[in-house]
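Enquirer: Following this message is one structure expressed as structure tokens.
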Amino acid sequence: MDHIYITTPLYYVNAEPHLGHTYTTIVADTVKRYCRQQGLNAFLLTGTDEHGDKIAQAAKASGMEPKAYADKISAIFRSTWDACGIAYDHFIRTTDDYHKKFVQQVLQKIYDSGDIYFGEYGGFYCYGCERFYTEKELVGGKCPDHQKEPAYIQEKNYFFRMGKYQQRLIDTIQAHPDLIRPERYRSEVLAFLREPLEDLSISRPKSRLEWGIPLPFDSDHVTYVWFDALINYVSALKFLGEDVFNAYWPTANHLIAKDILKPHAIYWPTMLMAAGLPLYKHLNVHGYWVMDSGKMSKSLGNVVRPLEMKERYGMDAFRYFLLREMAFGQDATFSLDALINRVNADLANNLGNFVSRVLAMQEKYFAGAVQPLSGEWSKEDAELRDKFRQAEVEMKRHMESLQFHRALESVWVALDHANRYTVQTSPFVLFKDPEKRPRVGEILHHLLEVIRTAGRLIAPFLPDTAKELQTLLATSENALDSQKPWGSFFAPGHRVLPPKVLFPRIESTPKT
RNA sequence: CGCGGGGUGGAGCAGCCUGGUAGCUCGCAAGGCUCAUAACCUUGAGGUCCCGGGUUCAAAUCCCGGCCCCGCAACCA
């Protein structure tokens, strides 16, 4: 396989980007960068979901047309991802013409094949909320928002024969154990599928919801969320060309949070089946960030704004925290204390300080000039190299199972060892004896290899830092991509730059 | 019997799928080093891995039961 297609969900434009959006997007970006580094053609899609009642209402509330409102919020998402350095390849909006057209094509196709029918839908409708409630949602028979009893109304809607594909879906999930992962979510889906699947309401009458894509076979109805929002994953590729679609679609890796598991694990594959399209390759599901609001400064409230985090701590520090702290699939706690702790311990102390000490010695002892490596390696030298080889192997394994926190951990195990090696070999002591200076040069050569290798390994996670490391090494060849073996990268005499503080220690929680 | 997750040294977590000396970060104690961002290195104290059964030569890890927390339950990642 030489392609991989990675998607984030389409973010609903009823709110500005928050921590949840940011996490999924950063994970997607990291996976893309990693795959690209592994030699794959990686394509990352993100975008915005812009239709629906909530948007129409929000637009009205701010005195705007729905499209103008969506334009505004969508632009905020896009510029946020740009500012965060997210390497997306295409940004799709569900209001894009090509998308609307494609959605209609798919609807027409499924309608023609008989899997969409006109039926009656009855339910408890609250005129205040302008939405239906299920019996379970009602509190004491009343709408939880308006404290009023909803009216039971019936309305004609179009339905997708989802139930028809239930068994095929179960069979598919069972035949492909890693279709939905981590496994807990697969189990959850299979558990849900033990109950009969009802058909899916996919339209709303225009009289009640205008802001949507009209059904091609009945202009009095518009598409309700599912067909509109999910199909983007395919429409974006189709828009870029049939060859792009053919190359990437079979490799699709969707990234989502657990709240939209059901639509992606059940509605979407059955829709694809009905449309005669192959299924995605993996559905990758992560957990929630739980706000530790007790430890958060008040002005931050419960909203973590990505740009604010970038401003305060730097994008890489923020990325590092998110990727290192959450075990993909499980919930994790977000707190500034934990973030500061991580940044100080792992980035400032372990990585940053390590780079400083190595470059400082290289500068002080040899004016930055790399010294030659003799054929004879000490036991420590070989062990150091092996630790990084091991880190690379483990990283690969953990990336394949989406365990980003473990992938990073394996690099830091090696970095810890590099700090230990520095003390064990003590070049700063040896240097005092002029006869031992060649050995000091060798040790530093190995330590520069550590910087190069660590830079390569962390590049998908901390792209800016990796670039800075490369700059400090000052090599003409791209140090982050080079596959040259340990010890053969630096030409003797090549000058590296003096140290620079990569991550300043954060002294205390800001109380702004 | 709605569904799911969790309960591991002072705090926060990983490990559990693929049983076999209980690991990480922070904090604490003592020492070392001086190249470095008051960093880095070494050592130490501290744990009935929620409880009770079971399987096994062996269980934090698998199975059964119980207790206690926490999310979700048709469109907030």
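Quick note: the first sequence, position 327, residue 562 per the numbering used here, numbers continuous.
Quick reminder that beta carbons are idealized off the backbone N, C-alpha and C, glycines included.
What do you reckon, are the CB atoms on residue 715 and residue 726 nearer than 7 angstroms?
Expert: Cβ distance not < 7 angstroms, so residue 715 and residue 726 don't count as in contact.
Enquirer: Can you name the start and end residues of the beta strand (DSSP E) that residue 247 belongs to?
Expert: 238-247
Enquirer: By Cβ distance below 7 angstroms, which residues in the same chain neighbour residue 285 in space, the five residues on each side in sequence not counted?
Expert: Around residue 285: 248, 305, 309, 328, 329, 330.
Enquirer: In its own chain, which residues sit with a C-beta less than 7 angstroms from the C-beta of residue 531, not counting the 5 before and 5 after it?
Expert: Caution is warranted here: a pLDDT of 37 is assigned to residue 531, below 50, making its placement in the model unreliable, and the coordinate value is therefore given only provisionally. Same-chain partners within the cutoff: 570, 571.
Enquirer: Could you name the residues that DSSP lists as bridge partners for residue 488?
Expert: Note: residue 488 sits in a beta bridge opposite 241, 517.
Enquirer: Just to confirm before moving on: does the CB-CB distance between residue 417 and residue 564 stay below 7 angstroms?
Expert: yes
Enquirer: Considering residue 526, what are the terminal residues of the beta strand (DSSP E) in which it resides?
Expert: Here the beta strand (DSSP E) through residue 526 covers 524-526.
Enquirer: By Cβ distance below 7 angstroms, which residues in the same chain neighbour residue 438 in space, the five residues on each side in sequence not counted?
Expert: Taking C-beta separations shorter than 7 angstroms and ignoring five residues to either side along the sequence, the partners of residue 438 in its chain run 392, 393, 450, 456, 457, 458, 459, following chain order.
Enquirer: May I have a chain-ordered list of the alpha helix (DSSP H) segments no shorter than 4 residues that lie completely inside the stretch 254-280?
Expert: Taken in chain order, the complete alpha helix (DSSP H) segments of 4 residues or longer contained in the stretch 254-280 are 254-272.
Enquirer: Helix, strand or coil for residue 411 per DSSP?
Expert: coil
Enquirer: Between residue 747 and residue 653, what straight-line distance do the alpha-carbon atoms span, to the nearest angstrom?
Expert: Low confidence applies to residue 747: its pLDDT is 34, below 50, so where it sits in the model is not reliable enough to give any reading.
Enquirer: Buried or exposed: where does residue 658 fall if 16 or more other Cβ atoms within 10 Å of its Cβ makes it buried?
Expert: exposed
Enquirer: Helix, strand or coil for residue 315, going by three-state DSSP, please let me know.
Expert: Of the three classes helix, strand and coil, the one that applies to residue 315 here is helix, per DSSP.
Enquirer: Using only alpha-carbon positions, find the residue among 244, 262, 243, 239 that is nearest to residue 637.
Expert: 262
Enquirer: In terms of DSSP beta bridges, what is residue 435 paired with?
Expert: 395
Enquirer: Look at the Cβ atom of residue 722, then the Cβ atom of residue 604, and state whether they are nearer than 7 angstroms.
Expert: If you check the CB distance, residue 722 and residue 604 do not come in under 7 angstroms.
Enquirer: May I have the straight-line CA-CA distance separating residue 579 from residue 241, to the nearest angstrom?
Expert: 32 angstroms
Enquirer: Which residue wins for smallest C-alpha separation from residue 732, given the options 591, 639, 258, 436?
Expert: 591
Enquirer: Considering Cα atoms alone, identify which of 596, 642, 318 is closest to residue 266.
Expert: 642
Enquirer: Who are residue 693's beta bridge partners in DSSP?
Expert: Partner(s): none; residue 693 has no beta bridge.
Enquirer: Pair every Cβ in the stretch 655-670 with every Cβ in the stretch 602-620, then say whether three or more of these pairs are closer than 8 angstroms.
Expert: Between the stretch 655-670 and the stretch 602-620, the count of Cβ pairs shorter than 8 angstroms is three or higher; the stretches touch.
Enquirer: At 4 residues or longer, what runs of the alpha helix (DSSP H) sit wholly inside the stretch 613-646?
Expert: 614-635
Enquirer: Pairing CB atoms from the stretch 426-442 with CB atoms from the stretch 496-504, are three or more of them under 8 angstroms?
Expert: yes
Enquirer: In angstroms, rounded to a whole number, what distance separates the CA positions of residue 567 and residue 254?
Expert: Approximately 12 angstroms, taken between the alpha carbons.
Enquirer: Would you decide whether residue 403 is buried or exposed? Buried here means 16 or more other CB atoms lie within 10 Å of its CB.
Expert: exposed
Enquirer: With burial defined as no fewer than 16 other Cβ atoms inside 10 Å of the residue's Cβ, what is the status of residue 345: buried or exposed?
Expert: buried
Enquirer: Give a yes or no on contact between the stretch 660-679 and the stretch 644-652, applying the rule of three or more CB pairs nearer than 8 angstroms.
Expert: Two segments are said to touch when three or more pairs of C-beta atoms, one from each, lie closer than 8 angstroms; by this definition the stretch 660-679 does not touch the stretch 644-652.
Enquirer: Going straight from the alpha carbon of residue 535 to that of residue 319, what length do you get?
Expert: Because the pLDDT of residue 535 is 43, which lies under 50, any placement of that residue in the model is unreliable, and the question is left without a value.
Enquirer: With a threshold of 6 angstroms on Cβ separation, who are the neighbours of residue 447 within its own chain once the five nearest residues in sequence on each side are excluded?
Expert: 286, 457, 458
Enquirer: Does residue 282 pass the burial test, meaning 16 or more other C-beta atoms within 10 Å, or should it be called exposed?
Expert: buried
Enquirer: Should the stretch 512-526 be regarded as contacting the stretch 474-487, the criterion being three or more beta carbon pairs within less than 8 angstroms?
Expert: yes
Enquirer: Alpha carbon to alpha carbon, how far is residue 589 from residue 273?
Expert: 27 angstroms
Enquirer: Does residue 454 come out as helix, strand or coil in the three-state DSSP assignment?
Expert: Strand, per DSSP.
Enquirer: Considering just the uninterrupted stretch of the beta strand (DSSP E) at residue 327, what are its terminal residues?
Expert: 325-328
Enquirer: Under 8 angstroms Cβ to Cβ from residue 343, same chain only, skipping five residues before and after it: list those, please.
Expert: 451, 452
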